[in-house]
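Protein chains in written order, with this note's numbering: chain A, 16 to 437; chain B, -5 to 93.
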């Protein structure tokens, strides 16, 4: 009761993480978080598209209730005046703060990230976010392009930095303020990578030599896939490097070598993200808040890395809808932390260590729409009631259910779910 | 197995909109007014079942009588979801069984 909440949401991250069994990726900081958490290995988004997924899990309603399937409506005007998860915490005495990409910016969050309803102060957006799709990628000819695959020299970037680096700095600044003013907080940090363009500090390429990168295990369009189910990855086709390949629409395929380059850069972007998460969690230790702050780590949806001949999200395939989901709850997923003890020391992916395993693992199938009731229960707040069949007129209810029942209260390893009789 | 209680089997529901049956330039991100089909997925640890049905963007209604396509993948034997067996199952019996 009265615990702080650090809510980390990552853009387009599929469970390409060591703690999800991926053998290639270097993600020691997220793996370290998992080693103190309950990790859900079958968690799914309600729609594999940024704005609909984010509005869905932040309101606890399904897309058919938010009536947002694209980017162009604001639920309070278009569907119903639904309370959001941060708004609920704000109404229950929390200082609620947003850094980076939590709501999808633009119409779907009223161009304000739903401030002031959801947040105590105006949400922070990195100043360099506006250069995301500019020509900042240096080609072999030395000229600058707006590429899909975009390892960069950060010192050459506008402002000499990148959006996620700025977000981490701001989140750490806020943690230091929260430590001083001793108010309980709900801090949401939204990282942009590995969303396209795959623009990250070029040194992370060293972690993934191209010769170690394979194609997807099933890089062809399945013969019995209905054509309506296939997504033609239009957004990446418009990137300069992909456009130059002149692949046919809608099925391509991309040249094998370029497929491997995309996969290589996705992995490199994940390790870059892991460093940002590591710096943020290390700061939580530094301000002495690791023992009374829950940490939630998840993503808005996944991303296809060539499986079924597809790239990006925009489909119902598991690779596009399945997300990482883990909860660190001091005293519940781990035994209580003695004050001052470090839980999340920064781990450098370049000094990669293996062997961190999740504290608890649940294979139960769960949904992002359940985040709101789950966090309410974990924080000791009244859990929002289940929505009636039609809930456009109901401000506070949820179409998800709390998944705390799948945690193990003692903090011991979550028992493998017993098949059969209880 | 009949000697095992049937555990509460959690289900996850996802969905995705499409403007047409055949891929076109706005298939990935159709605007609301251009949505004509909605793909509703139901998944458990054992399978993913998806129905692509007619959708009316004016009243947000999905018509499950007008099925454009279906997908069914059994996770144990096809974890990568490459072998759609929806058409292998005679109409509805499987759907009734899993429901």
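Using N, Cα and C, we set each Cβ at its ideal position, and we do this for glycine too.
Residue from the options with nearest C-alpha to residue i
i: residue 198/A; options: 112/A, 241/A, 406/A and 245/A; result: 112/A
i: residue 100/B; options: 78/B, 56/B, 72/B and 83/B; result: Limits of chain B in this structure are -5 at one end and 93 at the other, which puts residue 100/B out of reach.
i: residue 312/A; options: 115/A, 205/A and 37/A; result: 205/A
i: residue 97/A; options: 420/A, 400/A, 57/A and 186/A; result: 400/A
i: residue 318/A; options: 334/A, 324/A, 305/A and 303/A; result: 334/A
i: residue 161/A; options: 128/A, 135/A and 212/A; result: 212/A
i: residue 74/B; options: 296/A, 244/A and 332/A; result: 332/A
i: residue 41/B; options: 63/B, 64/B and 69/B; result: 69/B
i: residue 26/A; options: 120/A, 412/A and 134/A; result: 120/A
i: residue 337/A; options: 36/B, 11/B and 77/B; result: 36/B
i: residue 273/A; options: 18/A, 252/A, 357/A and 92/A; result: 252/A
i: residue 285/A; options: 246/A, 395/A and 33/A; result: 33/A
i: residue 51/A; options: 402/A, 391/A and 376/A; result: 376/A
i: residue 305/A; options: 270/A, 221/A, 48/A and 145/A; result: 48/A
i: residue 144/A; options: 247/A, 101/A and 178/A; result: 178/A
i: residue 391/A; options: 86/A, 54/A and 106/A; result: 106/A
i: residue 174/A; options: 196/A, 192/A and 147/A; result: 147/A
i: residue 307/A; options: 149/A, 393/A, 323/A and 330/A; result: 393/A
Helix, strand or coil at residue i according to DSSP, with G and I counted as helix
i: residue 421/A; result: helix
i: residue 42/B; result: strand
i: residue 379/A; result: strand
i: residue 182/A; result: helix
i: residue 91/A; result: helix
i: residue 309/A; result: strand
i: residue 293/A; result: helix
i: residue 33/B; result: strand
i: residue 341/A; result: strand
i: residue 152/A; result: strand
i: residue 426/A; result: Residue placement at residue 426/A is poorly supported in this model, since its pLDDT is 40, which falls under 50; the coordinates still yield a value, given next. Of the three classes helix, strand and coil, the one that applies to residue 426/A here is coil, per DSSP.
i: residue 48/B; result: strand
i: residue 231/A; result: coil
i: residue 319/A; result: strand
i: residue 113/A; result: strand
i: residue 284/A; result: helix
i: residue 21/A; result: strand
i: residue 189/A; result: helix
i: residue 437/A; result: In this prediction, residue 437/A scores a pLDDT of 32, lower than 50, which makes its location untrustworthy; the coordinate-derived value is nonetheless stated afterwards. If DSSP states are grouped into helix, strand and coil, residue 437/A belongs with coil.
i: residue 80/B; result: helix
i: residue -3/B; result: Because residue -3/B sits at a pLDDT of 33, beneath the cut-off of 50, its placement in the model cannot be relied upon, and the following sentence gives the value as read from the coordinates. Here residue -3/B sits in coil by DSSP.
i: residue 195/A; result: helix
i: residue 431/A; result: Because residue 431/A carries a pLDDT of 45, less than 50, the predicted location of this residue cannot be relied on, and the following value inherits that uncertainty. Reduced to three states, the DSSP call for residue 431/A is coil.
i: residue 32/A; result: coil
i: residue 396/A; result: coil
Beta strand (DSSP E) segment containing residue i, residue limits
i: residue 60/B; result: 55 to 68
i: residue 176/A; result: Where residue 176/A is concerned, there is no enclosing beta strand (DSSP E), given that its DSSP letter is neither H nor E.
i: residue 53/A; result: 53 to 59
i: residue 215/A; result: 213 to 216
Delimiting residues of the alpha helix (DSSP H) encompassing residue i
i: residue 70/A; result: 65 to 74
i: residue 170/A; result: Premise fails: residue 170/A is in no alpha helix (DSSP H) and is neither H nor E.
i: residue 252/A; result: 249 to 252
i: residue 44/A; result: 43 to 49
i: residue 390/A; result: 386 to 393
i: residue 10/B; result: Run containing residue 10/B: none in the alpha helix (DSSP H); it sits in the beta strand (DSSP E), 6 to 12.
i: residue 81/A; result: 78 to 81
i: residue 206/A; result: Segment 200 to 206 is the beta strand (DSSP E) holding residue 206/A; no alpha helix (DSSP H) there.
i: residue 97/A; result: Element bounds for residue 97/A: n/a, residue is neither H nor E.
i: residue 147/A; result: Neither: residue 147/A is in no alpha helix (DSSP H) and is coded neither H nor E.
i: residue 256/A; result: 255 to 258
Local Cβ density within 10 Å of residue i, reported as buried at 16 or more and exposed below that
i: residue 346/A; result: exposed
i: residue 281/A; result: buried
i: residue 82/A; result: buried
i: residue 157/A; result: exposed
i: residue 140/A; result: buried
i: residue 226/A; result: exposed
i: residue 260/A; result: exposed
i: residue 94/A; result: buried
i: residue 10/A; result: Within the shown structure, residues of chain A are numbered from 16 to 437, placing residue 10/A beyond reach of any answer.
i: residue 372/A; result: exposed
i: residue 408/A; result: exposed
i: residue 60/B; result: exposed
i: residue 424/A; result: Caution applies to residue 424/A, whose pLDDT of 39 falls short of 50 and renders its modelled position unreliable; the value that the coordinates give is listed next. It counts as exposed.
i: residue 314/A; result: buried
Beta-bridge pairing of residue i - partner residues as DSSP gives them
i: residue 162/A; result: Answer is none; residue 162/A lacks a bridge partner.
i: residue 327/A; result: 319/A
i: residue 401/A; result: 413/A
i: residue 314/A; result: 25/A
i: residue 139/A; result: 114/A
i: residue 336/A; result: Beta-bridge pairing links residue 336/A to no other residue.
i: residue 349/A; result: 345/A
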